[in-house]
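First residue of the sequence shown: 3, per the working numbering; consecutive thereafter.
Built from N, CA and C at the ideal position, the CB exists for glycine as well.
Structure, as structure tokens:
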Amino acid sequence: MNIPNDPFLGTYYIGKEELKAVKQVIKSKSLFRYHGPQLLYKTNELEERLAKYLGVKYVLACCNGSAALKLACIGCGIGPGDEVLMSPFTFIASASSVLSCGAVPKFVDIDKSMNIDVNKIEENISPSTKAIMAIHMQGQPCNMKEIKRIAKKHSLLVIEDAAQAFGSKFENKFSGTIGDVGAFSLQAGKTITCGEGGFIATNNKKIYMAAKMYHDNGGYRIGDDYPTWENGNTFFGENYKLTELQSAVALEQLKKVDKIINKQEYSYSQIINGLKFNKFNIRTIDENCQSVKTSVCFNFNTKKECTNFINWMKERGVPFNHYCSNLINEFDTFKKKNSWHKSHFPYELSEYTEIDCSISHDIFNKTAWFNLSASLKSKHLKYINVILKEFENE
Ligand SMILES: Cc1ncc(COP(=O)(O)O)c(C=O)c1O
Numbered sequence: 003m004n005i006p007n008d009p010f011l012g013t014y015y016i017g018k019e020e021l022k023a024v025k026q027v028i029k030s031k032s033l034f035r036y037h038g039p040q041l042l043y044k045t046n047e048l049e050e051r052l053a054k055y056l057g058v059k060y061v062l063a064c065c066n067g068s069a070a071l072k073l074a075c076i077g078c079g080i081g082p083g084d085e086v087l088m089s090p091f092t093f094i095a096s097a098s099s100v101l102s103c104g105a106v107p108k109f110v111d112i113d114k115s116m117n118i119d120v121n122k123i124e125e126n127i128s129p130s131t132k133a134i135m136a137i138h139m140q141g142q143p144c145n146m147k148e149i150k151r152i153a154k155k156h157s158l159l160v161i162e163d164a165a166q167a168f169g170s171k172f173e174n175k176f177s178g179t180i181g182d183v184g185a186f187s188l189q190a191g192k193t194i195t196c197g198e199g200g201f202i203a204t205n206n207k208k209i210y211m212a213a214k215m216y217h218d219n220g221g222y223r224i225g226d227d228y229p230t231w232e233n234g235n236t237f238f239g240e241n242y243k244l245t246e247l248q249s250a251v252a253l254e255q256l257k258k259v260d261k262i263i264n265k266q267e268y269s270y271s272q273i274i275n276g277l278k279f280n281k282f283n284i285r286t287i288d289e290n291c292q293s294v295k296t297s298v299c300f301n302f303n304t305k306k307e308c309t310n311f312i313n314w315m316k317e318r319g320v321p322f323n324h325y326c327s328n329l330i331n332e333f334d335t336f337k338k339k340n341s342w343h344k345s346h347f348p349y350e351l352s353e354y355t356e357i358d359c360s361i362s363h364d365i366f367n368k369t370a371w372f373n374l375s376a377s378l379k380s381k382h383l384k385y386i387n388v389i390l391k392e393f394e395n396e
């Protein structure tokens, strides 16, 4: 049986609703969010609906999740000399956003939750530490209670990288709304998508305003109509705006979010239904969390056992694998302090400290992942479950 293994979660749900919405924008000839002949204000609407869904005061849409992370850092005033604590198990954008502000990440080991080990945060705080980035990997929230407690004790900001976790909750609050600011992605593989896109969510007006100006070339825009780009404490920024076309798609996707999350939950429960967990453990899900199921993750006692399992499953057509990328602290970006610029920006401004992340390395090598494709059907789920049981009983 050919088991789907694509990571295109929101993409799977693109249908006639998105098509209709895009046509509407094309017909309006108003693709730019701030002005046009018959502007439909899709981006404004998207921001309002996301804010309502998440229960926050401010949402700012932007061109991708990486930009959202940078805007979150900008909003928090992160800059040269600063350090942001984060786990190395993430996509490189979590750290690039920090580097591009002139600051550096400091990598803290993960634990069995596969997110940052909250017990190792405090020992890594230095006078340069400005923020903790809580990265909710593969839809599973970090221990936000503990992260917030530590941040408060040491007067640190909390940035949430919720790129992979839109719709997940910690203690009944949405991931990305618990710290000072959350960054989300609308890229093709995320819970909801418009191909490329992102947004930040915050209750802090200062963070929102700084991010809003930065994402609009540091300008000061009064209202939404043209021409409104005035001088009012302007500073330099970049253009990270989202187009009306993308917003139209994202709005339709947002209407489908519960359906998407429920289907993922169903697939996950069917796959693990009745397993004994006698040969591997399943990634621990904190009882305070409602994760969004984007993958199935099993931890083994040894790397060999993990590799044998992956091969065994593959031989039977079930594509379990090691994680699709390496831990990012092992990238040349940090090991060799590589930069596009001969000054080695930002390493000449901020001191990068290499931390021992051997636990992350160890766990990483002993972990097998299966992408929970949105196109998995009942027959696939049953088959995977049967094969897993066979493995356990072998
Ligand atoms: C954890 C994490 N952070 C940030 C990003 C960046 O999002 P984008 O691809 O929309 O720039 C991603 C994207 O995969 C991600 O997985």
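With a threshold of 7 Å (Cβ to nearest heavy atom), would residue i be considered close to ligand 1?
i, result
"E198", "yes"
"G67", "yes"
"L351", "no"
"H71", "The question names His, but residue 71 in the sequence shown is Leu. Checking the Cβ of L71 against ligand 1 gives yes."
"T286", "no"
"Q166", "yes"
"A95", "yes"
"Q142", "no"
"I365", "no"
"T193", "no"
"S380", "no"
"I161", "no"
"I263", "no"
"I149", "no"
"I137", "yes"
If we ignore side chains and look at the alpha-carbon of each, how far apart do residue i and residue j end up?
i, j, result
"E198", "E396", "44 Å"
"Y210", "A203", "8 Å"
"F347", "P6", "42 Å"
"V298", "S96", "22 Å"
"Y60", "F109", "29 Å"
"Q166", "E356", "26 Å"
"K175", "N290", "10 Å"
"D8", "Q26", "30 Å"
"K44", "A250", "6 Å"
"L277", "Y270", "12 Å"
"Q266", "K257", "16 Å"
"E353", "G200", "30 Å"
"F333", "M88", "15 Å"
"K22", "E350", "50 Å"
"E20", "L56", "22 Å"
"K243", "N46", "12 Å"
"D260", "K18", "18 Å"
"H156", "E124", "9 Å"
"L73", "L42", "25 Å"
"N66", "I137", "16 Å"
Answer with yes or no whether the minimum CB distance from residue i to chain C is below 8 Å.
i, result
"I361", "Chain labels in this structure do not include chain C; a single protein chain is all it has."
Within a Cβ cutoff of 7 Å, which residues of the same chain sit near residue i, ignoring the five residues on either side of it in sequence?
i, result
"T195", "G12, T13, L188, Q189 and Q255"
"L329", "P90, F91, C359, S362, H363 and F366"
"L247", "V24, V27 and L33"
"I287", "Q142 and S293"
"E232", "Y222 and I224"
"D84", "A105, S130, K132 and S352"
"E148", "V120"
If you drop the 5 nearest sequence neighbours on each side, which residues of the same chain put their C-beta closer than 6 Å to that of residue i?
i, result
"Q40", "S30 and S32"
"K398", "The shown model of the chain, from 3 to 396, leaves out residue 398, and the question about it has no answer."
"C103", "C75, I80 and G81"
"L101", "P348"
"G220", "T236, F237, F238 and G239"
"N241", "N219"
With distances taken between CB atoms, is the gap from residue i to residue j smaller than 8 Å?
i, j, result
"P129", "A105", "no"
"L159", "C78", "yes"
"T193", "F168", "yes"
"I274", "Y15", "no"
"S170", "S293", "yes"
"L48", "A212", "no"
"Q140", "T369", "no"
"S98", "C75", "no"
"G427", "I161", "Since the first and last residues shown for the chain are 3 and 396, residue 427 lies out of range."
"N323", "W371", "yes"
"V86", "A153", "no"
"G239", "D218", "yes"
Near residue i, what residues of its chain come up, given a Cβ to Cβ distance below 8 Å and the 5 sequence neighbours on each side ignored?
i, result
"S360", "D111"
"G38", "S30, K31, S32 and E246"
"K384", "Q272"
"F393", "K281, F311, W314 and M315"
"K150", "V160, I180 and G181"
Requested in this report: Would you check if the segment 178–189 and the segment 50–58 touch, i.e. whether three or more CB-CB distances between them fall below 8 Å?
Outcome: yes
Requested in this report: For the segment 138–149 and the segment 107–125, state whether three or more C-beta atom pairs, one from each stretch, are separated by less than 8 Å.
Outcome: yes
Query raised in the report: Would you say the segment 276–286 touches the segment 296–312, given that touching needs at least three Cβ pairs under 8 Å?
Result: yes
Query raised in the report: Between the segment 120–135 and the segment 376–388, do at least 3 Cβ pairs fall closer than 8 Å?
Result: With a cut-off of 8 Å, the segment 376–388 and the segment 120–135 do not count as touching, because too few Cβ pairs lie within range.
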